[in-house]
Amino acid sequence: MKVFAFITAKGGCGKSSLTLEAATVFGNMYGKDKVLVIDLDQQLSISKNCGADTEAPNILDVLQGEVPIMDAVQHNDLFDIIIASPKLARADNIFDRAEEDEYLLADVLDFAKDTYDYVFIDPAPSRNILQEMLYIAADYIVIPTRVDESSLDAVVTTENELNRLTNGRNKKSHAKLIGYVLNEYNKQTALGQMALETLEQSSEEKDNNPFIATVSSAIRVSEAKTLHTAVCRTEKSSKTGREIYAIVEQMLEKIGEDA
Ligand SMILES: Nc1ncnc2c1ncn2[C@@H]1O[C@H](COP(=O)(O)OP(=O)(O)OP(=O)(O)O)[C@@H](O)[C@H]1O
Ligand SMILES: [Mg+2]
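Going by UniProt numbering, the sequence shown opens with residue 1, and the numbers climb by one from there.
If you want it as structure tokens, here you go:
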């Protein structure tokens, strides 16, 4: 089982959209019953966008030991999913045995490893214990960003956070950064070009040279969530569809290098 997360310190960079699209592609390629999405966002973005039942057992129930992980799984048209709970907003109060609780997500995922080959975790919006749980449970991280300066700053913040957790005395995570996705990229703009160069430089500085992929701005991406589907399901050969497939190919290449 491989656990992926699109994660960055800045909100609205496309984490949930990219998770939904990439997980759909993995489902298309390997069977949708082999792919599990876990929603950690108290706003239930990806849960709602894929049309899951938002009243069903959720990941908080699972983390609290009230529901076995496999009983919280919903079989969706795109992939299997465990929804989030609005109560996750209080995660830091609910999970207050910090050190021990940080391992809860990794621990419960262990019970799903015989069923799923690929797991995608959609992060919480804020910096709390759920984020720590995610970094500990994840094998591979992809950082999405937009072209503006504050989104690119957040890439560095995210890398520093990952370094803090994967190195030194506080080593808790084995997650590897495998790629960057520049979202709503337009090669005609100076800002787009500059952002691409910034990422190229960041990639060159790393031993494993994370991939750099781009996704253009597309109304289809925002439309798909209202329609409870994925562009990669309905319009696989559209420009966006091809861009997402290219991301997945590069993810697979990186985890192949790692094997
Ligand atoms: N390539 C794209 N083209 C057009 N719209 C996009 C694209 N990517 C994302 N969006 C839209 O931008 C908004 C933010 O995207 P998304 O919800 O995926 O980001 P996020 O990082 O998950 O946000 P949050 O931090 O709130 O979890 C959404 O309305 C989404 O539909
Ligand atoms: Mg989101």
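Idealized CB from N, CA, C, for every residue including glycine.
Assess, as a yes-or-no matter, whether the stretch 51 to 69 is touched by the stretch 11 to 31 under the definition of 3 or more beta carbon pairs within less than 8 Å.
no
Can you list, in chain order, the residues of its chain with a C-beta nearer than 8 Å to that of K239? Leave out the 5 residues immediately preceding and following it.
S216 and A218
Give a single yes or no on whether A72 has its beta carbon closer than 7 Å to a heavy atom of ligand 1.
No, the beta carbon of A72 sits no closer than 7 Å to any heavy atom of ligand 1.
Integer-rounded CB distance, given that A154 should sit under 8 Å from Q42:
With a Cβ gap of about 20 Å, Q42 and A154 do not count as contacting.
C-beta atoms of F6 and V142 nearer than 8 Å:
yes
Rounded to whole angstroms, what's the CA-CA distance from residue 261 to G51? Just pull it up for me.
Because the chain here runs from 1 to 259, residue 261 falls outside it and cannot be looked at.
What does the alpha-carbon distance come out to for the pair I94 and Q193?
44 Å
With a Cβ-Cβ cutoff of 8 Å, do I69 and V108 count as a contact?
yes
Sufficient close CB pairs (3 or more, under 8 Å) joining the stretch 191 to 206 to the stretch 160 to 169:
No, because fewer than three Cβ pairs between the stretch 191 to 206 and the stretch 160 to 169 fall closer than 8 Å, the two stretches do not touch.
What ranges does the alpha helix (DSSP H) occupy inside the stretch 105 to 159, keeping only unbroken runs of at least 4 residues that lie completely in it?
Within the stretch 105 to 159, the complete alpha helix (DSSP H) segments at least 4 residues long are 129 to 137, listed from N- to C-terminus.
In the DSSP assignment, what residue or residues form a beta bridge with T214?
Among the bridge pairs identified by DSSP, T214 is matched with L182.
Below 8 Å between beta carbons: does that hold for Y135 and F4?
no
Limits of the unbroken beta strand (DSSP E) element including I38
Residues V35 to D39.
With F26 as the anchor, note down where its alpha helix (DSSP H) starts and where it stops.
K15 to Y30
Compute every distance between the C-beta of residue 262 and the non-hydrogen atoms of ligand 1, then say whether any falls below 7 Å.
Past the edges of the chain, shown from 1 to 259, lies residue 262, and the structure says nothing about it.
List the whole-angstrom C-beta distance separating R233 from L78, where the pair is believed to meet the contact cut-off of C-beta under 8 Å.
6 Å
Going by the C-beta, is K15 closer than 7 Å to any heavy atom of ligand 2?
yes
Which same chain residues, not among the five before or five after L199, have their C-beta less than 7 Å away from its C-beta?
Y180, L182 and I212.
State the Cα-Cα distance for the pair E149 and K187, rounded to the nearest angstrom.
16 Å
At what residues does the beta strand (DSSP E) containing I82 begin and finish?
It spans D80 to I82 - the beta strand (DSSP E) in which I82 sits, taken as one unbroken run.
Residues bridged to L177 [DSSP beta-bridge criterion]
Answer is I141.
DSSP-derived helix/strand/coil call for V62:
helix
Cα separation between R164 and A175?
11 Å
By a C-beta neighbour count over all protein chains shown, 10 Å radius and 16 as the cutoff for buried, is D61 buried or exposed?
Buried, since its Cβ has 16 or more Cβ neighbours within 10 Å.
Look at the alpha carbon of V80 and the alpha carbon of N28, and state the distance between them as a whole number of angstroms.
The sequence given here places Asp at residue 80; Val does not occur at that position. Distance between the alpha carbons of D80 and N28 is about 12 Å.
Which residues does DSSP pair with Q42 in a beta bridge?
Answer is none; Q42 lacks a bridge partner.
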